[in-house]
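Participant: Protein sequences appear in the order of chains U and C. Per the working numbering, residue 182 is the first one in the first sequence, and the count goes up by one each step. Per the working numbering, residue 23 is the first one in the second sequence, and the count goes up by one each step. We put the CB at the ideal spot given by N, CA and C, even for glycine.
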Amino acid sequence: MKELTFFVALFLIFGQIYADDDPLSTTPPSLLFELLALNGDLETAQRPKYLSPTSMTLSPDKELIYIAEQTAKQVDVFSVATNSVIKSFLMPNEPTGIAVDSSGSRLYVTCASERWPNGMVCVVNAASGTIENRISVGHMARSPVLSPDEKNLYVCNWLEGTISFVNLSATRETQRVPAIREPYSMAISKNGNSLIIANLIPDGVATDTTMASKICFISTSTGKIEKEIKLYKGSHSTMSVRLSPDGKYAFIPHLIANFTQVGGTLDQGWVHSNNMSIIDVEKQVLLNDVEIDYTSQGFANPWDIACTDDGKWICIAHAGYDILSIIDMPALFTKLVGKGDASRDYTFMNGMKKEVRMGIRSPRSIVTIGSKAYVTGFFSHSLEVVDLSAASLTPTKYALAPEKPLTMERKGESFFCDAKLSFNQWQTCQSCHPFTRPDGLNWILSDAVNAASKNAKSMLLSWQTPPTNWTGRRINTFESIRAGVSLELRTDPSAEAGLSLDTFFMRLKPVPSPKLVKGKLSESAKRGRTIYYDSEKLNCIRCHPAPLFTNLKAENAGILDDLDNSAFDTPSIIEAWRTGPYDHIGSHDKMEDCLKVPGHAEGLDNLSDSEFKDLIEYVLSL
Amino acid sequence: MRNNRHKINLKMLLILGVFSATFSYSVPFTRMDLFDKSGNNLLFVEFQYDNTGKNIGRSIYASDSTFLRRTTFTNDAAGKRTREQSFNFNDDTIGYTLFSSQNDKPTINVFDQLSLDHQFDFNQFGASVSYASNGTNTFDIYHNGKVVYKMKYTYLSEGSELNRIDVLDNSNAVLYYATFSSSVHTAKPSVDRILQPSLKIFRDRCHMIVSLQKKSQVRVCIYNLSGKLVTVPFQENMKAGLQSVQFRIGLSDGRKLANTLYIIRLSVDGQITASSQKYLGNMGRGQ
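1. Report the residues of the segment 300-312 of chain U with a CB closer than 9 Å to any CB of chain C, ordered along the chain.
2. Among residues of its own chain, excluding the 5 on either side of residue 361/U, which ones have a beta-carbon nearer than 6 Å to its beta-carbon?
3. In chain U, what lies closer than 7 Å to residue 89/C by C-beta?
4. Sort 736/U, 610/U, 614/U and 691/U by Cα distance to residue 651/U and report the nearest one.
5. Where do the N-terminal and C-terminal ends of the beta strand (DSSP E) with residue 564/U fall, by residue?
6. What are the residues of the segment 157-169 of chain C that lie near chain U, defined by any Cβ-Cβ distance shorter than 9 Å?
7. Quick check on this structure: which residue in 500/U, 294/U, 598/U and 414/U has the alpha carbon closest to the alpha carbon of residue 522/U?
8. Could you give the distance in angstroms between the alpha-carbon of residue 235/U and the alpha-carbon of residue 421/U?
9. Along the segment 59-89 of chain C, what residues have a CB closer than 9 Å to any CB found in chain U?
10. Any residues in the segment 560-578 of chain U with a beta carbon nearer than 7 Å to a beta carbon of chain C? Which ones, in chain order?
11. Fully enclosed by the segment 319-352 of chain U, which beta strand (DSSP E) runs are 3 residues long or longer?
12. For the beta strand (DSSP E) that contains residue 717/U, what are its first and last residues?
13. Since residue 593/U contacts residue 661/U with CB under 8 Å, what's their CB separation in whole angstroms?
14. Consider the Cβ of residue 297/U: report whether some Cβ of chain C lies at a distance smaller than 9 Å.
15. Put residue 790/U into one of helix, strand or coil per three-state DSSP.
16. If you draw a straight line from the alpha carbon of residue 390/U to that of residue 208/U, how long is it in whole angstroms?
17. In the DSSP assignment, find the unbroken beta strand (DSSP E) run with residue 774/U in it and report its ends.
18. Are the C-beta of residue 212/C and some C-beta of chain U separated by less than 9 Å?
19. How big is the Cα-Cα spacing for residue 302/C and residue 174/C?
20. Name the chain C residues whose beta carbon is nearer than 8 Å to that of residue 803/U?
21. Using alpha carbons as the reference points, say which of 165/C, 242/C, 77/C and 100/C lies closest to residue 130/C.
22. In three-state DSSP terms, what is residue 658/U?
23. Count the other CB atoms within 10 Å of the CB of residue 583/U; is the residue buried (16 or more) or exposed (fewer)?
24. Just the C-alpha distance for residue 210/C and residue 283/C, rounded to the nearest angstrom, thanks.
25. Does the beta-carbon distance from residue 251/U to residue 275/U come in below 9 Å?
26. Taking the continuous alpha helix (DSSP H) assigned at residue 613/U, which residues delimit it?
27. Which residue or residues does DSSP assign as beta-bridge partners of residue 173/C?
28. Nearest chain U C-beta to residue 189/C closer than 9 Å, yes or no?
29. Please report the distance separating the alpha-carbon of residue 300/C from that of residue 255/C.
30. Under the rule that 16 or more other beta-carbon atoms within 10 Å means buried, what is residue 656/U, buried or exposed?
31. Quick one: list the residues of chain U neighbouring residue 119/C, beta-carbon separation under 9 Å, in chain order.
32. Do three or more CB pairs link the segment 281-294 of chain U to the segment 315-324 of chain U at distances below 8 Å?
33. Assuming the contact rule is C-beta atoms closer than 8 Å, residue 371/U and residue 444/U should be a hit. Round their C-beta distance to whole Å, please.
34. Whole beta strand (DSSP E) runs in the segment 92-155 of chain C with 3 or more residues, listed along the chain?
35. In chain order, what residues of the same chain have a beta carbon less than 6 Å from the beta carbon of residue 154/C, not counting five sequence neighbours either side?
36. Is there a Cβ from chain C that is less than 9 Å from the Cβ of residue 554/U?
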């Protein structure tokens with residue numbers, strides 16, 4: 182008892198001192214500002230609160246358009262009758278997609294962001310905007326689709342490569358199944374039996390010269406992939422999947438990278454062409470792939486597609502060129518009868534496609550009501566309406582919010598996605614570096630023709646890790662940006678474009694890995710970390726030291742390369758979970774295989790199988 | 023056996039009563055939750071203190087408990103904060119905040135850490151952020167020299183514990199707000215720390231004894247495990263000396279509490295002197 186008394190007394194004495202802390206010193210007014218501003222909530226000079234409309238969905242009666250506004254963390258409700266925003270609902274994280282039930286009473290809003298990528302589905306009361314439930318799903322959740330009976334919701338977990346099955350009555354995820362790589366958009370067959378999923382970038386090793394993104398069909402009853410359709414060679418950046426009104430066809434806009442030849446020109450899709458794949462949903466086959474550029478005019482970065490209900494028109498938003506393409510759907514199908522591969526036919530669209538120059542910057546989402554197309558642009562605070570049946574196709578603009586001046590960073594992001602920087606608007610920076618990360622392909626750069634084709638690099642941390650390029654022939658990103666625009670986009674960048682792109686690149690931030698558990702290293706990754714830093718056991722830190730995880734030097738990692746078998750710039754392995762295939766020629770699609778290359782990781786023989794797994798877990802958690 | 027335990031508890035109670043008069047124990051808030059104006063929980067902060075009561079760091083989590091970053095502090099010889107440094111999940115520095123004073127206003131500048139000698143670090147907000155008092159418990163937030171937001175601090179009672187901070191726009195409309203609690207989300211709230219032996223519950227009544235050095239306001243609050251205040255069953259100004267605190271456990275409108283665990287906190291003049299976690303189910307039915 183005496184001991185206990187002493188202990189309590191001691192504890193209380195310390196407690197008195199404890200009581201002295203002033204709440205204001207712990208939470209000064211600047212702290213809340215800092216926390217909220219870093220979280221993208223409060224506006225600052227450096228970080229104005231842009232809307233960034235990214236996805237639109239119609240109410241069942243087609244009187245309302247729900248607009249997911251990514252960086253504003255809100256859903257706007259746009260009235261078609263008044264052509265104005267009538268309500269805004271705040272979301273806890275950035276909204277990435279919206280599904281609406283058939284009664285129009287509930288919205289299912291997927292939310293995720295690069296700061297907080299753990300996905301959730303917010304079940305929102307459509308009248309009040311109240312979030313009734315939050316359902317946890319996967320990493321960078323997006324593109325929600327409802328089953329026809331509305332009992333289930335399916336969600337793409339983009340950077341995790343999986344699909345979540347959500348039971349709505351139980352308000353929980355019941356299954357998470359693998360897709361292929363970066364499932365970005367999804368549709369569901371009319372009978373509800375299959376999910377049709379667009380995988381954004383190709384899987385596999387980049388030394389495979391037939392590489393292309395795949396469309397997969399996943400059975401909603403088994404959760405298994407029932408069919409994989411590899412698109413035409415070089416296809417990637419499959420930004421959306423939309424069904425024809427009768428549900429027979431799926432339209433997928435994408436790029437075709439002509440990655441096996443030297444980029445001497447841009448015309449006729451010499452480097453990139455802009456295309457649309459058409460899939461027969463019932464037969465689960467690729468019907469054809471059509472070229473949507475003209476011989477001497479590109480229409481960079483087709484992003485979203487919408488069909489009019491009467492089956493007359495297909496609208497395509499070209500995010501790179503600020504153009505809305507309007508294709509005569511019956512004429513398209515008539516011309517496709519007996520037609521062979523149309524993916525390189527630059528005359529195919531002659532006579533059946535019209536274009537509308539939009540006033541909004543980077544159109545990425547379309548919905549149609551009757552003969553009208555409603556389009557939003559990622560860098561604009563307005564919505565534009567085009568009457569497809571009118572003689573004059575002039576968009577009418579309606580404000581969603583007052584426009585805000587673009588910061589240098591935001592301008593840089595806009596230039597990154599702007600084909601006006603490119604000769605005849607064939608491509609953008611985004612074309613080879615989707616969302617600033619690699620497209621997974623090997624390229625022969627126009628000024629490096631006597632060398633092996635090299636795997637596209639991530640722009641993340643490029644500014645902080647000079648030199649650039651695998652060979653390190655550009656001393657820094659400043660030089661690479663200007664050389665890239667000049668040599669690969671074939672224009673001279675203005676000073677404004679160059680400086681804005683510099684700022685944008687400087688500010689790129691890594692996305693937390695899906696391997697992290699609640700944002701922290703898993704137990705396996707913690708063990709792997711110990712091994713990683715143990716220079717006696719393994720010498721990872723010689724070439725990949727923290728915090729940038731590169732020594733900024735050229736090293737020979739033992740990768741065989743017949744043309745230039747030498748040392749290459751050591752890449753940062755931050756976000757290695759996302760940036761495969763690995764090495765300068767992309768010859769390994771698994772980190773395990775890349776590490777096992779003789780001469781790469783010294784001391785690997787000292788590791789047990791479980792230690793090796795732990796090491797991989799750590800590296801893929803960075 | 024039961025009687026012996028009762029005796030020990032009674033002895034403990036007296037000891038605690040005497041000690042609490044001189045050495046009142048206080049648990050400062052350990053968690054701050056941030057909400058948007060619609061009530062969406064955006065993120066929360068856990069504060070760490072050393073054994074002298076100094077706030078030495080904090081960790082930031084998204085509202086689903088996903089770790090975002092942790093921050094440690096550097097103070098000058100006078101104990102004044104000069105720098106904060108933030109780290110990611112791998113303990114790599116991701117940014118830092120410098121503290122200074124501009125025109126007598128406490129000022130911060132928040133930077134990205136690029137870790138390269140030949141690069142400059144970016145000011146995250148493009149300009150410094152400072153604040154100055156503008157009335158009782160209200161502050162103006164200056165960004166780049168202009169008032170951009172206001173912060174209003176609300177305390178449970180005058181001079182007592184912090185209850186809420188509102189972030190207001192220039193027309194005083196609430197944009198965001200923060201609430202405070204002593205519960206720690208990632209670990210269960212501390213249990214049976216001091217008061218447990220002296221917290222006597224019989225049926226729906228609770229009895230505690232406190233020893234007061236001077237006339238003080240005594241208050242008992244019951245929180246749920248999320249740190250939300252459920253009810254205040256006792257609040258009285260009491261004279262110096264040994265005082266009996268008796269109250270009925272239940273909601274103010276007479277309804278019973280839901281059957282679950284609660285945190286009971288006793289504060290004297292706003293300083294929390296004891297905290298305990300208790301199962302308060304079926305109160306009033308003979309427990």
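Facilitator: Checking against the coordinates, here is how it stands:
1. 301, 303, 310, 311 and 312
2. 380, 384, 395 and 397
3. 699, 700 and 701
4. 736/U
5. 563-568
6. 161, 162, 163, 165 and 166
7. 414/U
8. 12 Å
9. 59, 60, 61, 62, 63, 64, 65, 67, 69, 71, 73, 74, 75, 76, 77, 80, 82, 83, 84, 85, 86, 87, 88 and 89
10. none
11. 322-327, 333-338 and 343-348
12. It is not in any beta strand (DSSP E) - residue 717/U carries neither H nor E in the DSSP assignment.
13. Not quite, the Cβ-Cβ distance comes to about 14 Å (not below 8 Å), so this is no contact.
14. yes
15. helix
16. 57 Å
17. Where residue 774/U is concerned, there is no enclosing beta strand (DSSP E), although the alpha helix (DSSP H) it sits in stretches over 772-776.
18. Its pLDDT being 30, under 50, residue 212/C is placed unreliably by the model, and the measurement read from it follows with that caveat. No, residue 212/C does not count as interfacial toward chain U.
19. 34 Å
20. 112
21. 165/C
22. helix
23. exposed
24. For residue 210/C, the predicted structure reports a pLDDT of 30, less than 50, and the residue's modelled location is therefore unreliable. The matter cannot be settled from this model.
25. yes
26. 610-613
27. 161/C and 189/C
28. yes
29. 15 Å
30. exposed
31. 211 and 215
32. yes
33. That pair is no contact at about 42 Å.
34. 103-109, 115-124, 127-134 and 151-155
35. 127 and 162
36. no
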